[in-house]
Amino acid sequence: MEETNTRSTAKRNAVVTGANKGIGLEICRQLASNGVEVILTARDEQGGIEAVENLRQSGVSNFVFHQLDVKDSASAFIETHFGKLDILVNNAGDGGIIMNSEAFRAFRPVDRRSVKYLLI
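Position one of the sequence shown corresponds to residue -5 (the working numbering), numbered consecutively onward.
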């Protein structure tokens, strides 16, 4: 049986958030090694620029860096520069909220029957 290539010949684009180190950086390397145009994003501009330079020195060059906090929108940048997005890897972390633990412990719902569990 003859094997057929089902991949499209059109260039694919990927956005990888939190991509300046660790797993995100390796995901970028793997995607680019497979011919995907990668938009490497990170909150830290200097870290993102250094990551792209390191990847280029290792022989992979189809990268663009875009400074991005995952709470901001990258859609205008993607639309303007690439026209479409094929792959999104949401690797960025956010520390969440900072909560006053004493205030949380003091919180009591008005109707305790409506709350099944309350962490104290």
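Note that the Cβ used here is the ideal one computed from N, Cα and C, for glycine as well.
Point to revise | Whole-angstrom C-beta distance between G53 and N14, which should lie under 8 Å | key: Not a contact, Cβ separation roughly 19 Å.
Check your understanding: Span of the alpha helix (DSSP H) holding N48?
Key -> E39 to Q51
Point to revise | Secondary structure of F59, DSSP reduced to three states | key: strand
Practice item. In the DSSP assignment, find the beta strand (DSSP E) that holds L19 and state where it starts and stops. Key: First-last for L19: G16 to S27, but that is the alpha helix (DSSP H), not the beta strand (DSSP E).
Check your understanding: Nearest CA to the CA of L25: which residue from K78, Q61, S55 and A86?
Key -> S55
**Study point:** Straight-line Cα distance separating G29 from T(-2)
**Key:** With a pLDDT of only 41 at T(-2), under 50, the local geometry of the prediction cannot be trusted, and no value is derived from it.
Review point. Apart from the five residues just before and just after I72, which ones in its own chain have a Cβ nearer than 8 Å to its Cβ?
Key: N7, V9, I33, K78 and L79
Check your understanding: Nearest-angstrom Cα distance between E(-4) and G16?
Key -> Confidence at E(-4) is low in this model, with a pLDDT of 45, below 50, so the placement of that residue is unreliable and no value is reported for it.
Review point. By DSSP, does A36 sit in helix, in strand, or in coil?
Key: strand
Exercise for review: Report all residues from its chain with a CB closer than 8 Å to the CB of R23; omit the five preceding and five following residues, and keep chain order.
Suggested key: L49, S52 and V54
Exercise for review: Could you work out which residue in T11, G18 and H60 is closest to T74 when comparing CA atoms only?
Suggested key: H60
Check your understanding: For A13, which three-state DSSP category applies?
Key -> coil
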